[in-house]
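Residue numbers (our numbering): 16 to 276.
In this text, a Cβ means the ideal position worked out from N, Cα and C, and glycines have one as well.
Quick notes on the structure that follows.
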Ligand code: BTN
């Protein structure tokens, strides 16, 4: 992908300014730097490759040049502390938008592994990392970063995988034009961001929730809780029916979700 092609593909979308880079440490890091120096709402950073991409829980993310989609949307908010659940929902918008594009435009069924992974046939194809910027207790901006494995080179070596992975081309059985996929995902994402509070949003998320009704294990580093995944709450937390028969809410933070064998 080159800058001109990407800018042409994104023309007409309700985005702020777009920065396209052949290589960057991390599109999220670049978007944070840009926000600090005044990026407007909906400014977008996209890159062909990343050298130090960030994943959840301090993990790294793999983006060799020419293999994947990597982009970060800078979102600004009127400063308020009334932001309960906003970040959880934003994470879900990223996953839902990838899922929208893959299912509607490429006919590939997807599921969302709470909180932020897009799965095809129970293998991870995309991840979302939101990074929030605060002033005191007020949320001022969020960088919503999305990484999608497009061709086989985007899949990390087996020893680096903490969950089975796949890529869009393997599932489609043919080539994918990355700038078209980028435009498709962004157009769904921008609509979803405008409808964060809708009931439809929560319904779509629940309908696509992987392992819904199945037994899963939530691991937060030291503790593990087994339960049945029931659905998602308005604030983006996961509703879990524990083996003790109690319904609890699990917040994303530092947790892993694994299906139990
Ligand atoms: C995860 O599943 O752990 C989240 C991965 C998020 C990766 C994307 S790639 C674009 C953006 N820039 C980053 O440094 N990370 C996100």
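Annotation for residue 71 indicates a beta carbon within 7 Å of some heavy atom of the ligand BTN. At a cut-off of 7 Å, the beta-carbon of residue 129 does not count as near the ligand BTN: no heavy atom of the ligand is closer than that. Membership of residue 230 in the beta strand (DSSP E) is indicated by the continuous run 230 to 234. Inclusion of residue 43 in the 7 Å shell around the ligand BTN follows from its C-beta lying nearer than that to a non-hydrogen atom of the ligand. Around the beta carbon of residue 149, a 10 Å sphere encloses fewer than 16 other beta carbons of the protein chains shown; the residue is thus reported as exposed. Secondary structure note for residue 206: it is in no beta strand (DSSP E), and the uninterrupted alpha helix (DSSP H) holding it is 193 to 208. At a cut-off of 3 residues, the continuous stretches assigned as beta strand (DSSP E) that sit fully inside the segment 42 to 109 are 58 to 69, 75 to 78, 83 to 95. The DSSP-derived three-state label of residue 139 is strand. In the three-state reduction of the DSSP assignment, residue 213 falls in the coil class, being assigned neither a helical nor a strand state. Within its own chain, the residues whose Cβ lies closer than 6 Å to the Cβ of residue 242, once the five positions on either side in sequence are excluded, are 255, 256, 257, listed in chain order. Secondary structure at residue 168: helix, using DSSP grouped into helix, strand and coil. In this structure, the straight-line span from the alpha carbon of residue 19 to that of residue 198 is close to 14 Å. Only residues of its own chain outside the window of five on either side were considered, and among them 45, 49, 58, 59, 60, 61 have a CB closer than 8 Å to the CB of residue 34, listed in chain order.
Inter-residue distance for residue 124 and residue 200 is about 15 Å (C-alpha atoms, whole angstroms). Segment contact: the segment 228 to 248 against the segment 153 to 160, fewer than three CB-CB distances shorter than 8 Å; contact not assigned.
Within the same chain, Cβ atoms closer than 7 Å to the Cβ of residue 203 are found at 112, 115, 116, the five residues on either side in sequence being excluded.
Closest option to residue 217, judged by alpha-carbon separation, among 17, 84, 247, 136: 247. In the three-state DSSP reduction, residue 252 falls in the coil class, being neither helix nor strand. If you draw a straight line from the Cα of residue 27 to the Cα of residue 138, it comes to about 33 Å. Between the ligand BTN and the CB of residue 132, the shortest heavy atom gap is smaller than 7 Å. Here DSSP, grouped into helix, strand and coil, assigns residue 244 to strand.
As computed with DSSP, residue 145 is found in a beta bridge with 159. In the structure shown, the three-state DSSP call for residue 35 is strand.
For residue 132, the beta-bridge partners assigned by DSSP are 128.
The Cβ atoms of residue 82 and residue 168 lie closer than 8 Å to each other. Inter-residue distance for residue 161 and residue 70 is about 10 Å (C-alpha atoms, whole angstroms). Taken atom to atom, the span from the alpha-carbon of residue 105 to that of residue 66 is near 25 Å.
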